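Structure, as structure tokens:
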Amino acid sequence: MKILVTGGLGFIGSHTVVELQKEGFDVVVIDDLSNSSVDVLEGIEAITGKKPEFEQIDLREKQAVKDFFKKYADVTGIIHFAASKAVGESVENPLLYYENNIGSLVYLLQELQKKAESYFIFSSSCTVYGQAEKMPITEEAPIQAAMSPYGNTKQIGEEIIRDVAKVSGINSILLRYFNPVGADPSANIGELPLGVPLNLVPFITQTAIGIREQLSVFGNDYPTPDGTCVRDYIHVVDLAKAHVTALQRLIGKNNLEKVEVFNLGTGKGNSVIEVINAFERVTGQKLNYKIVGRRAGDVIEAYADTTKANNVLGWKAELSLDDALASAWKWERKVRGK
Ligand code: UD1
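So the sequence shown is numbered by our numbering: it starts at 35 and just counts up by one.
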């Protein structure tokens, strides 16, 4: 059986391809290279000794998706990462997000549902919970109205999959990620944001290496212990392994429902200041930062209840925030040749 990883040259996708290949899966990657580089294939090969098959396809092109499934008739499992993910951009250009994130999903499922039995893992986000009332956040926490078109595409995506699963042989797992950070410990692959990073950890590493002058901490007047927002930062290698575990669960027919949902986090919340302090301690780098006003749309705190992922999926985050920050820093230095 061959596994299709869409967005397989992106940050989480590339780490998942590595973990799939380590477990002996045969992988074909689709990526449109809109936010990734073809060089990532070499990084994957350096770690696993094997380059996955690769097709440069824009999944908004329905015919290209059909042609892909003709060529790769043995694909019965898909891990679907390919999507746009910048919250602000989605507010500016909602139709880009609906076309790219929803159109692509529909075309993939149209092909997959032609098979008697198939497996589909979906990249969802803790953003579906909005500002949850209770911490830690369980899978039963109510879904809140999306705060952006990006967030809405994750909610709609989940609904589409539920509807299709009812009338097809598609078995699916929706994985709701908290905040993925870090890089493969080899530093052969990592996060490569285009332009100015929007996420915290790439902004930290780019500031420390000298590309950005100063990190802005968005608000220190939140109702949290030190006033900065709290998130659940999960090492991308742990996150990648969860995808392999989820796929094996579906293939082994161990899933209890046609569509299952798991939160993927560490269960521990860290504030922005704690992340900065940990980065300075782990790397020995002093970080230039200042406190500025709040960023619109930020929730105060979000961290996962990992009970279901631990007990039902049988997966647990093993790496620490320190591990993640050390690996992100090693990767940043490698990319910049320093
Ligand atoms: C963000 C998105 C989320 C999306 C995820 C994808 C928002 C509101 N949320 O999550 O929907 O699924 O990215 O990667 O955009 N911070 C700073 N300075 C910075 C950058 C971030 O202080 O320069 C703070 C933020 O205020 C936040 C924390 O760091 O408290 C984490 O921010 P970020 O990495 O952007 O992740 P989220 O906002 O949690």
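Cβ atoms here follow ideal geometry from the backbone N, Cα and C, with glycine treated the same way. Since we're looking at a predicted model, the values are computed, not measured.
Under the rule that 16 or more other beta-carbon atoms within 10 Å means buried, what is residue i, buried or exposed?
i      : result
ARG265 : buried
ALA221 : buried
GLU352 : exposed
LEU281 : buried
PRO257 : exposed
ARG328 : exposed
LYS324 : exposed
ASN186 : buried
GLU145 : buried
GLN55  : buried
ILE177 : exposed
ASP339 : buried
GLU247 : exposed
GLU225 : buried
VAL72  : exposed
Report all residues from its chain with a CB closer than 6 Å to the CB of residue i; omit the five preceding and five following residues, and keep chain order.
i      : result
ASP260 : SER305 and ILE307
SER250 : VAL326
CYS160 : ARG210, PHE212 and ALA336
SER206 : PHE154, ILE195, ALA199 and VAL293
ALA117 : ASN135
VAL125 : SER182
GLU366 : THR239 and ILE243
ILE268 : PHE212, PRO214, GLY299, THR300 and ALA351
ALA166 : ALA175
PHE237 : PRO231 and LEU249
What residues in its chain sit with their C-beta under 7 Å from that of residue i, if we drop five residues either side in the sequence?
i      : result
GLY331 : VAL121, MET181 and SER182
Tell me which residue opens and which closes the alpha helix (DSSP H) that residue i is part of.
i      : result
ASP197 : 183–200
TYR131 : 128–131
ARG367 : 355–369
LEU146 : 138–146
GLU373 : Since the displayed the chain opens at 35 and closes at 372, residue 373 lies outside it and no answer follows.
ASN233 : That residue, ASN233, is in no alpha helix (DSSP H); it is neither H nor E in DSSP.
ASN311 : 306–317
VAL99  : 96–105
Among residues of its own chain, excluding the 5 on either side of residue i, which ones have a beta-carbon nearer than 8 Å to its beta-carbon?
i      : result
PHE115 : VAL39, THR40, GLY41, GLY42, GLY44, ILE46, GLY47, THR50 and SER157
ALA98  : ILE91 and ASP92
ARG370 : ILE243 and ILE245
How far does the beta strand (DSSP E) with residue i in it reach, from first residue to last?
i      : result
THR110 : 109–114
LEU38  : 36–40
ARG332 : The sequence shown places Asp at residue 332, rather than the Arg named in the question. First-last for ASP332: undefined, no H or E at that position.
ASN213 : 213–215
GLN55  : It is not in any beta strand (DSSP E) - GLN55 instead sits in the alpha helix (DSSP H) that spans 45–56.
ILE285 : Element bounds for ILE285: not the beta strand (DSSP E) but the alpha helix (DSSP H), 270–285.
VAL326 : 323–326
LEU249 : 249–252
ASP65  : 60–65
SER159 : 152–159
ASN297 : 293–298
GLN165 : Taken as a continuous stretch (DSSP letters only), GLN165 belongs to no beta strand (DSSP E), as it is neither H nor E.
GLU87  : 87–90
Exercise for review: Please confirm if the region 208–222 is in contact with the region 352–361, defined as three or more CB-CB distances below 8 Å between the two stretches.
Suggested key: yes
Check your understanding: If we count Cβ pairs, one from each stretch, closer than 8 Å, do we get three or more for the region 279–290 versus the region 61–75?
Key -> Taking 8 Å as the limit for Cβ pairs, the verdict is that the region 61–75 does not touch the region 279–290.
Review point. If we count Cβ pairs, one from each stretch, closer than 8 Å, do we get three or more for the region 270–279 versus the region 166–180?
Key: no
Review point. Do the region 129–143 and the region 185–198 meet, that is, are 3 or more Cβ pairs less than 8 Å apart?
Key: Inter-segment contact for the region 129–143 and the region 185–198 is present: three or more beta-carbon pairs are separated by less than 8 Å.
Check your understanding: For the ligand UD1, which residues count as neighbours when the test is a C-beta closer than 6 Å to any heavy atom?
Key -> Selection output, chain order preserved: LYS119, VAL121, SER159, THR161, GLY185, ASN213, LEU232, ASN233, LEU234, PHE237, LEU249, SER250, VAL251, PHE252, CYS263, ARG265, VAL306, ARG329, GLY331 and ASP332.
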